[in-house]
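Just add 12 to wherever you are in the sequence shown, counting from 1, and you've got my numbering.
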Amino acid sequence: MNSEIRRTLEAVQKGQLSVDDALIRIKAEPFEDIGYAKVDLHRKIRQGAAEVIYGSGKTPEQISGIIDVMKRNGQETILITRLSREKADEVSARHPLTYYEEARIGMTGELPVPDGIGKVVVSTGGTSDIPVAEEAALTAQALGNEVIRLYDVGVAGLHRLLAHKEEIMSASVIIAIAGMEGALASVIGGLADCPVIAVPTSVGYGASFHGLSALLSMLNSCASGVSVVNIDNGFGAGYLASMINHMTSK
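What follows is the structure in structure tokens.
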């Protein structure tokens with residue numbers, strides 16, 4: 013059952029919330045139309061995580077307007093991805109936020125206390141992959157996960173990865189981020205007993221075709237248990253990792 017609905021029903025059971033208030037919370041307007049956006053207010057109820065704002069292509073005014081709606085409807089921690097420093101400065105004048113420049117993420121509110129069933133490991137082949145990795149890591153943290161970062165552990169120096177066998181073996185989910193030939197995901201997939209989410213990055217020389225080479229390598233991985241998201245999609249990987257790390261018996 014969706015965790016947000018479960019918490020609502022548990023609050024009713026404990027006498028912390030009336031039946032009428034619970035009905036209002038569940039039956040509230042599913043979205044709010046503000047002209048340039050239809051803000052999804054039921055996403056947290058349906059999926060366990062509130063809507064995330066994609067900052068690229070939106071004006072600071074539009075981003076601020078969406079934040080207004082989300083805050084008015086009780087959302088405390090709001091994530092804005094692919095946000096430039098210039099837009100972040102303008103938005104923060106109206107809604108104070110923390111800006112993570114390397115990840116290009118803005119966040120209002122505080123990071124929640126982790127409530128996932130285990131740990132999410134975020135690993136990179138090289139230092140150049142860290143911006144995508146930070147997008148994944150911060151997304152996972154914002155969704156209530158404990159994150160371990162293992163950066164620059166690519167196959168060009170395999171001993172660097174093997175020095176972290178304990179973290180790899182104890183993880184609930186591993187995100188493997190790499191450009192070039194994208195081999196990191198296959199190596200980790202052959203070591204770990206948990207799901208591995210592979211993220212190809214656009215890092216590499218000309219024949220890497222801006223990440224296409226890594227994408228195809230990861231899709232063709234011979235290691236079982238490896239799934240692949242789109243090129244540079246750190247957010248998608250962090251979100252999926254959080255869903256896996258919050259799975260309970262249905």
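A virtual CB, placed ideally from N, CA and C, is assigned to each residue, including glycine.
Opening and closing residue of the alpha helix (DSSP H) in which residue i lies
| i | result |
| --- | --- |
| Arg94 | No alpha helix (DSSP H) holds Arg94; DSSP gives it neither H nor E. |
| Lys282 | The structure shown does not extend to residue 282, since the chain is modelled only from 13 to 262, so the question has no answer here. |
| Leu29 | Per DSSP, Leu29 belongs to no alpha helix (DSSP H) and is neither H nor E. |
| Val199 | Leu196 to Gly201 |
| Ser233 | No alpha helix (DSSP H) contains Ser233, which DSSP labels as neither H nor E. |
| His171 | Leu170 to Leu174 |
Residue interval of the beta strand (DSSP E) (run including residue i)
| i | result |
| --- | --- |
| Met119 | Ile117 to Thr120 |
| Pro72 | No beta strand (DSSP E) holds Pro72; the alpha helix (DSSP H) holding it covers Pro72 to Arg84. |
| Ser239 | Val238 to Val240 |
Where residue i sits in the DSSP three-state scheme
| i | result |
| --- | --- |
| Tyr251 | helix |
| Val133 | strand |
| Leu109 | coil |
| Ile46 | coil |
| Val51 | strand |
| His222 | helix |
| Asp164 | coil |
| Leu227 | helix |
| Asp244 | coil |
| Thr151 | helix |
| Asp101 | helix |
| Asp205 | coil |
| Val300 | Coverage of the chain is limited to positions 13 through 262, which leaves residue 300 absent and any answer about it impossible. |
| Glu146 | helix |
| Asn257 | helix |
Residues bridged to residue i [DSSP beta-bridge criterion]
| i | result |
| --- | --- |
| Thr139 | Looking at the DSSP assignment, Thr139 forms no beta bridge with any residue, so it has no partner. |
| Ala188 | Ser135 and Ala210 |
| Val159 | Val132 |
| Ile65 | Ile92 |
Counted within 10 angstroms of its Cβ, other Cβ atoms place residue i as buried (16 or more) or exposed
| i | result |
| --- | --- |
| Ile92 | buried |
| Glu88 | exposed |
| Gln153 | buried |
| Asn157 | buried |
| Leu220 | In the sequence as displayed, the identity of residue 220 is Ser instead of Leu. Ser220 is buried by the Cβ-count criterion. |
| Thr260 | exposed |
| Lys26 | exposed |
| Lys131 | buried |
| Arg116 | buried |
| Ser236 | exposed |
| Val31 | exposed |
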